[in-house]
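One structure below.
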Amino acid sequence: MNPQAKLIFTTSLLLGTTITISSNHWITAWAGLEINTLAILPLISKSHHPRAIEAATKYFLVQATASTLVLFSSMTNAWYTGQWDITQLTHPVSCLILTSAIAMKLGLVPFHFWFPEVLQGSPLTTGLLLSTVMKFPPITLFLMTSPSLNPTLLTSMALLSTALGGWMGLNQTQIRKILAFSSIAHLGWMTIIISYNPKLTLLNFYLYALMTAATFLALNSIKALKLSTLMTAWTKTPPLSAMLFLTLLSLAGLPPLTGFLPKWLIIQELTKQDMAPAAVVISLLSLLGLYFYLRLAYCATITLPPHTTSQMKQWHTNKPTHASIAILATMSATLLPISPMISTLL
């Protein structure tokens, strides 16, 4: 892709995100979401492969529908209450439509169907943007309207997302699809707590974005798209494979690593809110996700001959690991000790 074009699209992405997260009026928030959607489409379809074109088309149709619903919800609210302010969403029908629209934007169950397909058709770098940057504006809208939304509906959607994200990721061999289902499961954790402690949702999103960025960049560096490729990639850059191993375990939420922190705080908050059954269910459902993260981690580092596939192993390279991957992977593994400082900020 032309560097100037790439610069324009990236700037538009940043502009759209900034407009949405800093707006108080529904129309400006909607305009920011539209700029974001239009800026990411060329990045999804830049390879001109039929699968990429299909992914871009699916993405456009779903996001256009979700944007229409956001506009419809805000107009209904303005019709009944005379308010265009995002935080003043009070009409029950508007709240219900907005919940559906944001769920569609994010890829929450039952509107998750498009996300694995779109991620599978996109390059890894675009997949990273879709999993992190593109989720930020809808989450901020969720955050601003969370006092008005129905907690029972959000909890049901969250539990279903965690269940489906874990369940459907079990049988996958394509790494991008596994990461898409992982994203759906993580969104379930963010959604379940948003009505009770929105700051925890943001913390969970930031840490999820950090760990996902480390994973995507590491996979992009070793050019692995399938589990079979990942099994033979450990010879190429052993240190990077070791860092990928830790990052994947952190995404799974295992205790000494960063990923355990948001899960721990969310379970604690749910228990305080007399929602111990929900906390138990979501914790058990995250074990499904743990299985496929362990499978990925096993393929990345622990497979040695004669257990690998019959494919040729990759040449060892002395090219140094990019500094950004090293920093992100280190943070993905080592932020748990600062949890007392984080909990004082919440």
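Under mature numbering (1 follows the signal peptide of the UniProt record, and there is no 0), residues -23 to -1, 1 to 323 are what the sequence shown spells out, in order.
Just so you know, even glycine gets a beta-carbon here, dropped at the ideal spot from N, CA and C.
Remember, it's a predicted structure, so these values are computed and weren't measured experimentally.
For the set Leu120, Thr168 and Tyr268, the Cα lying nearest the Cα of Ser(-1) is the one of Leu120. For Lys112, the closest alpha carbon among the candidates His25, Leu(-10), Pro216 and Met318 is that of Leu(-10). Pro216: member of the alpha helix (DSSP H) spanning Pro215 to Ala229, first to last residue. DSSP, reduced to helix, strand and coil, places Gln60 outside both helices and strands of the structure shown, so it counts as coil. In the displayed model, Lys154 falls within a helix according to three-state DSSP. Within the same chain, and ignoring the five residues on either side of Leu238 in sequence, the residues whose Cβ sits closer than 6 Å to its Cβ are Leu313 and Ser316. The Cβ atoms of Gly104 and Phe182 do not sit closer than 8 Å to each other.
Taking C-alpha positions only, Leu202 is separated from Phe90 by approximately 20 Å. Scanning its chain for C-beta atoms nearer than 7 Å, with the 5 sequence neighbours on each side dropped, one finds around Leu130 the residues Thr76, in chain order. An exposed status is given to Lys249, since fewer than 16 other beta-carbon atoms sit within 10 Å of its beta-carbon. If you ignore the 5 residues before and after Thr109, its C-beta comes within less than 7 Å of the C-beta of Ala186, Thr189 and Ala190, all in its own chain and listed in chain order. The region 173 to 180 makes no contact with the region 204 to 216: fewer than 3 CB pairs, one atom from each, lie closer than 8 Å. Between Leu264 and Tyr275, the alpha-carbon positions lie close to 16 Å from each other. Of the residues Ile17, Ile(-3), Leu18 and His25, the one whose Cα lies closest to the Cα of Gly9 is Ile(-3). Per DSSP, His163 has no beta bridge partner at all. The shortest C-alpha to C-alpha distance from Thr(-14) to any of Leu96, Glu31 and Leu106 is the one to Leu106.
When Cβ pairs closer than 8 Å are counted between the two stretches, the region 78 to 89 is seen to touch the region 148 to 167, the count reaching three or more.
Assigned with DSSP and collapsed to three states, Lys203 falls in strand.
Apart from sequence neighbours up to five positions away, the residues of its chain that approach Phe222 with a beta-carbon distance below 7 Å are Ala274, Ala277 and Thr278, ordered along the chain. When Lys23, Leu322 and Leu228 are compared, the shortest CA-CA separation from Ala(-19) is found for Lys23. About 7 Å separates the Cβ atoms of Leu271 and Ala229, confirming a contact at the 8 Å cut-off. Exclusion of the five residues before and after Asn54 leaves Leu66, His68 and Ser71 as the residues of its chain whose Cβ lies within less than 6 Å of its Cβ. By DSSP's assignment, His89 forms no beta bridge with any residue.
Buried is the label assigned to Asn13, since at least 16 other Cβ atoms lie within 10 Å of its Cβ.
Taking Leu46 as the centre and dropping the five residues before and after it, the same chain places the C-beta of Ile74, Leu75, Ser77, Ala78 and Met81 closer than 8 Å to its C-beta, in chain order. A direct Cα-to-Cα measurement between Leu180 and Leu164 gives close to 12 Å. About 7 Å separates the CB atoms of Lys154 and Leu96; that is less than 8 Å, so the two are in contact.
In this structure Gly98 is in contact with Ala29, their Cβ atoms being roughly 5 Å apart against a cut-off of 8 Å. According to DSSP, residue pairing for His26 in a beta bridge does not occur. Just measuring C-alpha positions, the residue of Ile243, Ala195, Leu234 and Thr311 sitting nearest His299 is Ala195. Around the beta carbon of Val257, fewer than 16 other beta carbons lie within 10 angstroms, which makes this residue exposed. If you ignore the 5 residues before and after Leu204, its C-beta comes within less than 6 Å of the C-beta of Thr150 and Cys276, all in its own chain and listed in chain order. Following the DSSP letters along the chain, one finds Ser(-12) inside the alpha helix (DSSP H) bounded by residues Pro(-21) to Ser(-2).
In the assembly as shown, Trp56 is an exposed residue. Its beta-carbon has fewer than 16 other beta-carbons within 10 Å.
Short of 6 Å from the beta carbon of Phe88, and not among the five residues preceding or following it, lie these beta carbons of its own chain, in chain order: Ala80 and Met81. From the listed residues Ser198, Met308, Asp251 and Ala255, the smallest Cα separation to Lys296 is found for Ser198.
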